[in-house]
Amino acid sequence: MRFPDKPSILGRRERQERNLRPSAHGFGVLLLTVVGLGGAMLLTGCREPRRAEDSAVVADTSSEWREHHFANAVDNLQRLEEFAGGEMRQQVVDRFNQWIQHEKMPSDWEVDSAVAELPEPLKELEVVRSLDRLSFLPFDGYALQEAVWLRDVSNWAKGEQLEDLVRAQNLFDWTVCNIQLVPGAGREPDRIPQQPWETLLWGKGTAVDRAWVLVLLLRQQGIDAVVLALPDPADPSGETLDPWAVGVLEGNELYLFDLALGLPIPGPEGAKFEDGRLLVSPATLSDVVKDPALLRNLDVTDHVYPVDAERLASVVALVEASPAYLEARMKLIESRLAGEQQVTLTTSPSAMIDRLKEVAHLADRRLWIWPYEVLARRDRLTDEQKKELRETMRPFRVGQGTPLWKGRVLHLKGVFEGMHNATHYYQAARPSTRDFAMMKRQIAEEPNLETARNMREILAARQRAKGHATYWLGLAALAASRPEDRDSEIAVDYLSMRSLLKPWEDGVSYNLGRVAESVGQPKQAATIYRTAPVTAGLHGNLVRAQLLDPAPAEVRLPDAEVEPTPAERPEPSEQPQATPTEKGEKPEKVESSSEWLPFE
6 MRFPDKPSIL GRRERQERNL RPSAHGFGVL LLTVVGLGGA MLLTGCREPR RAEDSAVVAD
66 TSSEWREHHF ANAVDNLQRL EEFAGGEMRQ QVVDRFNQWI QHEKMPSDWE VDSAVAELPE
126 PLKELEVVRS LDRLSFLPFD GYALQEAVWL RDVSNWAKGE QLEDLVRAQN LFDWTVCNIQ
186 LVPGAGREPD RIPQQPWETL LWGKGTAVDR AWVLVLLLRQ QGIDAVVLAL PDPADPSGET
246 LDPWAVGVLE GNELYLFDLA LGLPIPGPEG AKFEDGRLLV SPATLSDVVK DPALLRNLDV
306 TDHVYPVDAE RLASVVALVE ASPAYLEARM KLIESRLAGE QQVTLTTSPS AMIDRLKEVA
366 HLADRRLWIW PYEVLARRDR LTDEQKKELR ETMRPFRVGQ GTPLWKGRVL HLKGVFEGMH
426 NATHYYQAAR PSTRDFAMMK RQIAEEPNLE TARNMREILA ARQRAKGHAT YWLGLAALAA
486 SRPEDRDSEI AVDYLSMRSL LKPWEDGVSY NLGRVAESVG QPKQAATIYR TAPVTAGLHG
546 NLVRAQLLDP APAEVRLPDA EVEPTPAERP EPSEQPQATP TEKGEKPEKV ESSSEWLPFE
């Protein structure tokens, strides 16, 4: 099977766009009507004493309304794609607070003993001090949203196999394909530390962000995993730990997955290419301790894998237990959910630490404090960092009907079929070049300077949204759980739009390589990995190329993959798009500016 080249598939993608791109008129603003209790009636004159049966009726009614509030909150949690702002998330918190007022503390709940390991400043975080509180904080709204997204991704990305290790490999694979690696350890003082829901939404993060998400995805499937860390060689005290890999616990062994490399650490059985997939048999911690030479297989050219036998003697298992997973109120919600609404909201780090005592070659087992440090640092953001966060979120909040937000959340839910699926909304987030030109004319003709400035900011956000949507359309074409249902041609088409995808260049190269693998061309895939841009994922790309093609021939990428020089590259706002007319086909429909209403 030939790796599809770009010219042969453009027409197919354009036909898809014509079929899927909706008119912006189809996106109305969804209004949520909340039905509440009627106002109290003012009664005059003498009132008879309330009878016992009246009190029973009031109690029954109150109970019914509490159940209504609970059901309403749970229902809205399942369809957050319909609400781009934070109002619905806060309403979910409010409804749960109305429900929980008359609930009792779970009889089997207590503050987990692992919390005592936290440094004193982290114990003073409000979310830690309120673990036993039966009322919900705004923070809990984000935690619930995050858990639902993690559940949704894990349910469709785990694949159809039942074995835990196979499902873990599939979820690892989803993580490295869908969360682009960015450089850094996450501890840098000027970096805004990400929460897992942000990593999922934005589709990018450090190796630590990836590891955090993977552990939580596995938790939703009932698979235990920890973050394995090593003492930082730059810290003589040995107190600073560098996250190294995720260890998936099966029996008394930890199977190793390196989120920086984007590969399981190959074990004694190595790797093989089969049925369009590089199959890596993951090593266990015991394997690499007994034979550290396994790690030397990860040395490529001048890229030396940073773990050796000496460092392996100090491996620490870090147990993830973000504060929301330790709350009594989350346990109450979790106990009432079943079926499709079921979601894992709790964990027991102390029980996990006890279980890890049966695992060999660990120097220590302890609570991972990074999730708590993230919350503490987020409480101390500078004004400039808050502005940066707003700008990062802005592409999800522009455009009529907030199409990028809807598309992304539906993508996380695995909704790729039906009329209003992820692809449908991603297409709506991609105004044409003509639309952008019309927006620019509106800005130029705007007499009010402040209004014009706001319009320029919205235009920039819509251009970023188009780039995000284009990249995610490529990934959506590869998202089917069964290989035969994936559309590699459409994926290559979108991922080849390099002018729109500069912020995604690492993910583009990696996923184009994965497409080449999927169509049975491992040598072509290895070439793509070896010629990828020098980014955070370079070492992992080179290792993967070595596993696919140990003795590479001299091959060059197709011309379609070559970037223009900076001098030749147009500004992002003026990127020319290949039009159907240039290919001798019928022009696609271009939306009018009135349909897009970009500045409302």
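As numbered in our numbering, residues 6 to 605 make up the sequence shown, in order.
The C-beta atom is built at its ideal place from N, Cα and C for all residues, glycine as well.
Sub-7 Å separation of residue 144 and residue 334 beta-carbons: As a first step, residue 144 must be located in the sequence shown, where it is residue number 139. As a first step, residue 334 must be located in the sequence shown, where it is residue number 329. The answer is no: Cβ separation not under 7 Å.
Beta-carbon within less than 7 Å of residue 351's beta-carbon, same chain only, minus the 5 sequence neighbours each way: which residues are those? For the purposes of this step, residue 351 is taken as residue 346 along the sequence shown, with counting starting at 1. In its chain, beyond the 5 residues on either side, 330, 335, 336 and 339 have a beta carbon closer than 7 Å to the beta carbon of residue 351.
At which residues does the beta strand (DSSP E) containing residue 255 begin and terminate? Walking along the sequence shown from the start, residue 255 turns up at place 250. Looking at the DSSP string, the run of the beta strand (DSSP E) that includes residue 255 is 246-255.
Separation of residue 127 from residue 441, as counted between CA atoms: Position 436 of the sequence shown, counted from the start, is the residue given in the question as residue 441. Position 122 of the sequence shown, counted from the start, is the residue given in the question as residue 127. Residue 441 and residue 127: Cα-Cα distance of roughly 48 Å.
How would you call residue 555, buried or exposed, if buried means at least 16 neighbouring beta carbons within 10 angstroms? Working through the sequence shown from its first residue, we reach residue 555 at position 550. Answer is exposed; the Cβ neighbour count stays below 16.
With burial defined as no fewer than 16 other Cβ atoms inside 10 Å of the residue's Cβ, what is the status of residue 455: buried or exposed? Within the sequence shown, numbered from 1, the residue matching residue 455 stands at position 450. Of the residues assessed, residue 455 falls on the exposed side of the cut-off, its CB having fewer than 16 other CB atoms within 10 angstroms.
Express the C-alpha separation of residue 179 and residue 536 in angstroms, rounding to a whole number. As a working mapping, residue 536 is identified with position 531 in the sequence shown. As a working mapping, residue 179 is identified with position 174 in the sequence shown. Cα to Cα, the separation comes out at about 23 Å.
With a Cβ-Cβ cutoff of 7 Å, do residue 520 and residue 497 count as a contact? On the sequence shown, residue 520 is found 515 positions in, with the first residue counted as 1. On the sequence shown, residue 497 is found 492 positions in, with the first residue counted as 1. Yes, the Cβ-Cβ distance between residue 520 and residue 497 is below 7 Å.
Since residue 379 contacts residue 357 with CB under 8 Å, what's their CB separation in whole angstroms? As a first step, residue 379 must be located in the sequence shown, where it is residue number 374. As a first step, residue 357 must be located in the sequence shown, where it is residue number 352. That belief does not hold up - the Cβ atoms of residue 379 and residue 357 are roughly 20 Å apart, past 8 Å.
Would you report the Cα separation of residue 151 and residue 299, rounded to the nearest angstrom? Position 146 of the sequence shown, counted from the start, is the residue given in the question as residue 151. Position 294 of the sequence shown, counted from the start, is the residue given in the question as residue 299. A straight-line Cα-Cα distance of about 36 Å links residue 151 and residue 299.
Identify whether residue 278 lies in helix, strand or coil by the three-state DSSP scheme. One-based indexing of the sequence shown puts residue 278 at position 273. In the three-state reduction of the DSSP assignment, residue 278 falls in the strand class, which pools E and B.
Once you ignore the five residues that flank residue 119 on each side, which residues in its own chain have a CB closer than 6 Å to its CB? The residue given as residue 119 occupies position 114 in the sequence shown. Cβ within range, chain order: 354, 355 and 372.
Quick check on the burial criterion: 16 or more other C-beta atoms within 10 angstroms. Buried or exposed for residue 365? If you number the sequence shown from 1, residue 365 lands on position 360. Looking at its Cβ environment, which holds fewer than 16 other Cβ atoms inside 10 Å, residue 365 is exposed.
Which residue or residues does DSSP assign as beta-bridge partners of residue 608? The chain is shown from 6 up to 605; residue 608 falls before or after that span and cannot be answered.
Give me the Cα-Cα distance between residue 170 and residue 187, rounded to the nearest whole angstrom. Taking the sequence shown and counting its residues from 1, the one referred to as residue 170 is at position 165. Taking the sequence shown and counting its residues from 1, the one referred to as residue 187 is at position 182. Distance between the alpha carbons of residue 170 and residue 187: 27 Å.
Return the first residue and the last residue of the beta strand (DSSP E) that residue 113 is part of. On the sequence shown, position 108 is the one that residue 113 refers to. Neither: residue 113 is in no beta strand (DSSP E) and is coded neither H nor E.
So residue 322 is in the beta strand (DSSP E); what residue range does that whole segment cover? Reading the sequence shown from its first residue, position 317 is the one you call residue 322. From DSSP, the beta strand (DSSP E) with residue 322 extends over 321-324.
Within a Cβ cutoff of 7 Å, which residues of the same chain sit near residue 508, ignoring the five residues on either side of it in sequence? In the sequence shown, counting from the first residue as 1, residue 508 sits at position 503. The answer, listed in chain order, is 472.
Since residue 235 contacts residue 320 with CB under 8 Å, what's their CB separation in whole angstroms? Counting from 1 along the sequence shown, the entry for residue 235 is found at position 230. Counting from 1 along the sequence shown, the entry for residue 320 is found at position 315. Confirmed, Cβ separation roughly 6 Å.
Kindly identify the DSSP beta-bridge partner or partners of residue 3. This structure leaves residue 3 out entirely; the chain is present only between 6 and 605.
Whole angstroms are fine: how far does the CA of residue 125 sit from the CA of residue 449? For this step, residue 449 is matched to residue 444 along the sequence shown. For this step, residue 125 is matched to residue 120 along the sequence shown. Here the alpha carbons of residue 125 and residue 449 stand approximately 56 Å from one another.
When burial is assigned at 16 or more other CB atoms within 10 Å of the CB, is residue 424 buried or exposed? As a first step, residue 424 must be located in the sequence shown, where it is residue number 419. When all chains shown are included, residue 424 counts as exposed.
Range covered by the alpha helix (DSSP H) that runs through residue 534: On the sequence shown, position 529 is the one that residue 534 refers to. In this chain, the alpha helix (DSSP H) harbouring residue 534 covers 527-535.
How many whole angstroms separate the CB atoms of residue 257 and residue 363, which I take to be in contact at a CB cut-off of 8 Å? Along the sequence shown, one-based indexing puts residue 257 at 252. Along the sequence shown, one-based indexing puts residue 363 at 358. In this structure residue 257 is in contact with residue 363, their Cβ atoms being roughly 5 Å apart against a cut-off of 8 Å.
I need the DSSP call for residue 127, collapsed to helix, strand or coil. In the sequence shown, counting from the first residue as 1, residue 127 sits at position 122. Three-state result, residue 127: helix.
How many Å lie between residue 185 and residue 359 at the Cα? Here residue 185 corresponds to residue number 180 of the sequence shown, with the count starting at 1. Here residue 359 corresponds to residue number 354 of the sequence shown, with the count starting at 1. If you take the alpha carbons of residue 185 and residue 359, they lie about 34 Å apart.
Run through DSSP, which three-state label would residue 503 get? Here residue 503 corresponds to residue number 498 of the sequence shown, with the count starting at 1. Per DSSP, reduced to three states, the secondary structure at residue 503 is helical.
Per-residue burial, residue 107 [other beta carbons within 10 Å of its own, 16 or more giving buried]: The count along the sequence shown starts at 1 and reaches residue 107 at position 102. Classification for residue 107: exposed.
Quick check: the region 412-422 against the region 157-164, are there 3 or more CB pairs under 8 Å? Yes, the region 412-422 is in contact with the region 157-164.
Select from 195, 147 and 289 the residue whose C-alpha is nearest the C-alpha of residue 92. In the sequence shown, residue 92 corresponds to position 87, counting from 1. By alpha-carbon distance to residue 92, the top candidate from 195, 147 and 289 is 147.
When 290, 543 and 271 are compared against residue 284, the one with the closest alpha-carbon: Numbered from its first residue, the sequence shown carries residue 284 at position 279. Ranked by Cα distance from residue 284, the options 290, 543 and 271 are led by 271.
Return the CA-CA distance between residue 112 and residue 499, expressed in angstroms with no decimal places. Here residue 112 is taken as the residue at index 107 of the sequence shown, counted from 1. Here residue 499 is taken as the residue at index 494 of the sequence shown, counted from 1. Near 54 Å, if we compare the C-alpha coordinates of residue 499 and residue 112.
Can you tell me which residues form a DSSP beta bridge with residue 283? The residue given as residue 283 occupies position 278 in the sequence shown. For residue 283, which the question treats as bridged, DSSP gives the partners 278.
Check each candidate in 129, 69 and 153 and name the one with the smallest Cα separation from residue 414. Reading the sequence shown from its first residue, position 409 is the one you call residue 414. Taking each of 129, 69 and 153 in turn and checking the Cα distance to residue 414, the smallest one comes out for 153.
Integer-rounded CB distance, given that residue 461 should sit under 8 Å from residue 403: On the sequence shown, position 398 is the one that residue 403 refers to. On the sequence shown, position 456 is the one that residue 461 refers to. The C-beta distance from residue 403 to residue 461 rounds to 12 Å, too long to meet the 8 Å contact threshold.
Given residue 316, which residues of its chain have a CB within under 8 Å of its CB, disregarding the five upstream and five downstream residues? On the sequence shown, position 311 is the one that residue 316 refers to. Answer for residue 316: 235, 236 and 238, listed in chain order.
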